[in-house]
Amino acid sequence: MIILYNNSLHKATFFLTGFQGLQDLHGWISIPFCSIYLTVIVGNLTILHFIRTDVTLHEPMYYFLAMLALTDLGLCLSTLPTVLGIFWFDAREIGIPACFTQLFFIHTLSLVESSVLLSMSIDRYVAICNPLRYSTVLTPTRVVKMGLSSVLRSALLILPLPFLLKRFRYCRSHVLAHAYCLHLEIMKLACSSIIVNHIYGLSVVACTVGVDSLLIFLSYALILRTIVSIASRQERLWALNTCVSHICAVLLFYIPIIGLSLVHRFGEHLPRIVHILMSYVYLLVPPLMNPIVYSIKTKQIRQRIVKKFEFIKSLTCFWQD
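Letter by letter, the sequence shown follows residues 55 to 375 in the numbering used here.
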């Protein structure tokens, strides 16, 4: 492979990397990745379809779930072209504009997911701690405003990153360690001081993911306090059960993102395969598992999936007869 060294940003080209040393097996490796991407797309589209078509699901809880599904779908689609391009066609070269655009969407959607998870925790807090005010506090208009504010906050905070990277000269190797573009990795290839990028990147993470996780923890502390005060054991179990899906989604998002940050900053001695696997876990596991968790743990969605399968089964039996 030819590696370009060029002081001009506009002529620079980055090279993405699949699984180093396993290039001959990329065709086989693409099979599980294709299955994951297909499951993510079908699963999240199914959730969106049920929420859109079923009037009984037109409630704040499911509106937030639809936002989560849209975010997961966008995160999946932002990495799909380059990941499958490498596995299928060995298309490793990516231009600066395309790389920075992908970087913007990956990081923006990650912050949006954090904001949506916070909104969902607020929804659970109001539903359990102030059930009588639920419909007046979380009105459709307020839910839309919360969703739009999540997108605007994330996009405005990530927007400076491509411009901060654009001012650098990339005179080192342009080979990236992953099959997509990440801010932390690209800035390490610059041949000038990256202290501003480091400080800004850490500040964005602290002000978004850090604050969101703290508020989610606080909301659940208040929720648990309310649940403990409920006299009926059955009502306590019901209240806890309504939170299980969201708690799983929170853990599925925050554990990989914290793990990836620690590996990038303090795990330079670890094998490269650990970095690669952690990045795929961070980007693919939440979009893959969220529809599965909500389909299993949310009674209304589970019932509609069962009805859909029963309808398909009845049609199949009809045509066979």
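Beta carbons are placed, not taken as given, at the ideal position from N, Cα and C, and that holds for glycine.
Practice task
Enumerate, from N- to C-terminal direction, the unbroken beta strand (DSSP E) stretches of 3 or more residues contained entirely within the region 119 to 183.
Solution key: 147 to 149
Problem - Per-residue burial, Asn98 [other beta carbons within 10 Å of its own, 16 or more giving buried] - result: buried
Problem - Cβ-based burial, Arg279 [other Cβ within 10 Å; buried from 16] - result: exposed
Problem - Distance, Tyr116 Cα to Lys361 Cα - result: 19 Å
Handout entry: Span separating the alpha-carbon of Ser89 from that of His161
Key = 24 Å
Problem - Inter-residue spacing [alpha-carbon to alpha-carbon] between Ile309 and Leu102 - result: 25 Å
Practice task
From the DSSP output, in three-state form, read off Phe73 for me.
Solution key: coil
Exercise for the section: Report the residue from Val197, Pro214, Leu171 whose alpha carbon sits nearest the alpha carbon of Ile253. Expected result: Pro214
Problem - Which listed residue (Ile212, Ala233, Ile330) has its alpha carbon closest to that of Cys261 - result: Ile212
Exercise for the section: List the residues that DSSP assigns as beta-bridge partners of Val229. Expected result: Phe69
Practice task
Put Tyr336 into one of helix, strand or coil per three-state DSSP.
Solution key: helix
Exercise for the section: Determine the contact status of Ile270 and Ser208, defining contact as a CB-CB distance below 9 Å. Expected result: no
Handout entry: Asp266 and Ser203 closer than 9 Å at C-beta
Key = no
Practice task
Give a yes or no on whether the C-beta atoms belonging to Leu314 and Val339 are separated by under 9 Å.
Solution key: no
Problem - Where the alpha helix (DSSP H) containing Cys261 begins and where it ends - result: Looking at the DSSP string, Cys261 is not in any alpha helix (DSSP H), and its letter there is neither H nor E.
Practice task
Alpha carbon to alpha carbon, how far is Ile284 from His318? Give it in angstroms, no decimals.
Solution key: 44 Å
Handout entry: Thr136 versus Phe158: straight-line alpha-carbon distance, rounded
Key = 15 Å
Problem - Status (buried if at least 16 other CB within 10 Å, exposed otherwise) for Gln156 - result: buried
Problem - Contacts around Gly72, its chain only, beta-carbon distance under 7 Å, and the 5 residues preceding and following it disregarded - result: His80, Ile140, Phe141, Ala233
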